[in-house]
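Each remark here refers to the structure printed beneath this line.
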Amino acid sequence: MPETKMMEKFTSRLAIKNAMVREALAEALATFLLMLFGMGSVAQVVLGKQMYGTYLSINLGFGFGVMMGIHAAGGISGAHMNAAVTFANCAIGNLPWCKLPAYVIGQFLGSFIASAGIFLMYYDALQDYTGGNLTVTGPTATAGIFATYPAPYMSIWRGFIQEFIATAVLVTGILAINDKKNAAALPGTNAFIIGLLVTAIGISLGMNTGYAINPSRDLPPRIFTAIAGWGLEVFRAGNYWWWVPVVAPTLGSVVGIFVYNILVDFHNRPSLEPGGGDEGAKKNFETVVATELQNSV
Numbered sequence: 017m018p019e020t021k022m023m024e025k026f027t028s029r030l031a032i033k034n035a036m037v038r039e040a041l042a043e044a045l046a047t048f049l050l051m052l053f054g055m056g057s058v059a060q061v062v063l064g065k066q067m068y069g070t071y072l073s074i075n076l077g078f079g080f081g082v083m084m085g086i087h088a089a090g091g092i093s094g095a096h097m098n099a100a101v102t103f104a105n106c107a108i109g110n111l112p113w114c115k116l117p118a119y120v121i122g123q124f125l126g127s128f129i130a131s132a133g134i135f136l137m138y139y140d141a142l143q144d145y146t147g148g149n150l151t152v153t154g155p156t157a158t159a160g161i162f163a164t165y166p167a168p169y170m171s172i173w174r175g176f177i178q179e180f181i182a183t184a185v186l187v188t189g190i191l192a193i194n195d196k197k198n199a200a201a202l203p204g205t206n207a208f209i210i211g212l213l214v215t216a217i218g219i220s221l222g223m224n225t226g227y228a229i230n231p232s233r234d235l236p237p238r239i240f241t242a243i244a245g246w247g248l249e250v251f252r253a254g255n256y257w258w259w260v261p262v263v264a265p266t267l268g269s270v271v272g273i274f275v276y277n278i279l280v281d282f283h284n285r286p287s288l289e290p291g292g293g294d295e296g297a298k299k300n301f302e303t304v305v306a307t308e309l310q311n312s313v
């Protein structure tokens with residue numbers, strides 16, 4: 017039919033041929049969905065004065081956001097939605113280093129746009145709750161809707177350790193969920209199970225620091241709040257906390273890979289063929305590790 021041919025011609029012209037650009041756009045959409053559900057759940061709890069949700073609903077919001085992000089982009093970019101996970105993929109050779117900027121830019125863009133979306137959708141509620149005074153700390157603080165801040169009793173280095181460990185747990189869990197040589201998730205359930213993993217981390221490890229475990233989840237919304245009216249206090253608060261959710265998850269993600277490999281994966285690989293030698297061992301190592309995070313968050 018003429019209409020069908022016209023539509024095919026139109027879509028073919030719109031289709032992006034560059035694989036790196038497609039992956040960046042997929043990461044942007046996935047991270048947008050993650051952050052829209054996650055920050056939206058926080059906004060309802062804070063601005064609704066816990067009449068429209070609890071801490072559990074926040075954890076579920078981020079967990080289901082991860083699940084939807086994986087469904088949206090898992091087959092295109094792997095749906096990392098997390099600069100720390102992308103960095104870990106590059107570190108083990110699963111992703112070329114040249115793709116790191118594209119992935120991170122896509123994630124940051126999606127996160128920033130989601131922050132703007134939540135701000136616009138909840139603008140009236142923000143004004144009503146704060147009286148027009150957007151603050152980072154205090155009884156009507158609302159910056160925590162967008163980015164994470166440590167509890168008042170947490171020191172900067174204890175918070176760093178918390179984020180480091182929580183991210184290592186995240187990556188270790190992702191590897192286990194996707195490890196077909198072990199008790200991997202059933203086919204088609206990876207997105208749901210990884211969403212449950214994020215929810216479990218929030219339930220068990222979230223109180224002290226807000227479990228950022230993801231630079232792409234924390235830095236873009238923090239930048240947005242600095243622009244949107246909260247000011248530079250978003251960077252000074254918590255004894256200049258802002259850098260911890262960027263650095264600690266990045267390092268923790270790499271450690272999480274080695275923890276799983278050293279304790280499980282190195283001892284659970286197919287035997288090398290006789291005479292394979294060091295070259296065979298190297299090839300086997302690269303093949304196994306390169307597939308570990310293929311469908312990671």
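The opening position of the sequence shown corresponds to residue 17 in the working numbering, with each subsequent residue numbered one higher. Just so you know, even glycine gets a beta-carbon here, dropped at the ideal spot from N, CA and C.
Check	Outcome
Inter-residue spacing [alpha-carbon to alpha-carbon] between GLY272 and LEU45	26 angstroms
ALA59 and ILE129 closer than 9 angstroms at C-beta	no
Element boundaries [alpha helix (DSSP H), containing ALA107]	99-107
Close-in-space but distant-in-sequence residues of the same chain around LEU212 (CB under 7 angstroms, 5 per side omitted)	GLY79
GLY218 versus GLY77, THR151, GLU43, PHE208, residue with shortest Cα-Cα distance	GLY77
Contained alpha helix (DSSP H) runs [length at least 4] in the segment 62-133, N- to C-terminal order	71-89, 99-107
PHE176 vs VAL260 beta-carbon contact at 9 angstroms	yes
Buried versus exposed call for GLU24 [16 or more other C-beta atoms within 10 Å across all chains shown]	exposed
Residue interval of the alpha helix (DSSP H) (run including TRP173)	172-194
With 16 other Cβ atoms within 10 Å as the buried cut-off, status of TRP258	buried
Where TRP246 falls, given that 16 or more other Cβ within 10 Å makes a residue buried	buried
Distance between beta carbons of ALA228 and THR164, contact taken as under 8 angstroms	4 angstroms
Local conformation of VAL37 per DSSP, three classes	helix
Residues near GLN2 by beta carbon distance below 6 angstroms, same chain, minus five either side	The requested residue 2 is not part of the displayed model; the chain covers only 17 to 313.
Three-state class that DSSP yields for MET137 in the structure shown	helix
Residue span of the alpha helix (DSSP H) that contains ASP281, given as start and end	It is not in any alpha helix (DSSP H) - ASP281 carries neither H nor E in the DSSP assignment.
Residues near ARG50 in its chain [Cβ-Cβ closer than 6 angstroms; skip 5 each side]	Checking the sequence shown, residue 50 turns out to be Leu, not Arg. Excluding residues within five positions, the ones whose Cβ falls inside 6 angstroms are GLY81, VAL82, GLY85, MET97.
Proximity to GLY94 [Cα-Cα], best of MET36, GLY154, ALA182	MET36
VAL262 - DSSP class collapsed to helix/strand/coil	helix
contact_flag[the segment 149-162, the segment 238-254] where n(CB pairs < 8 angstroms) is 3 or more	yes
Where the alpha helix (DSSP H) containing ASN149 begins and where it ends	Segment: none, ASN149 is in no alpha helix (DSSP H) and carries neither H nor E.
Rounded separation between LEU142 and LYS65 - CA only	12 angstroms
Reduced DSSP secondary structure (H/G/I, E/B, other) of ALA31	coil
Cutoff 8 angstroms; reference VAL313; Cβ partners in own chain excluding five residues on either side	Its pLDDT being 48, under 50, VAL313 is placed unreliably in this model, and the value from its coordinates should be taken loosely. So the list reads VAL82, GLY85, ILE86, ALA95, HIS96, MET97, ASN98, VAL101, LEU186, ILE190, ILE210, VAL214, once near-sequence residues are dropped.
Three-state secondary structure assigned by DSSP to TYR165	coil
Between the CA atoms of VAL250 and THR202 - distance to the nearest angstrom	Residue 202 is actually Leu in this sequence, not Thr. So the alpha carbons of these two residues sit roughly 42 angstroms apart.
Among GLY222, GLY54, ILE108, SER131, nearest to ILE239 - alpha-carbon criterion	SER131
Where LYS21 falls: helix, strand or coil (DSSP)	helix
Nearest residue (CA-CA) to ILE193, options MET67, PHE208, LEU221	PHE208
Enclosing alpha helix (DSSP H) for ALA216 [first to last residue]	206-221
PRO286 beta carbon less than 9 angstroms from that of LYS197	yes
9 angstroms Cβ cutoff met for GLU39 and TYR145	no
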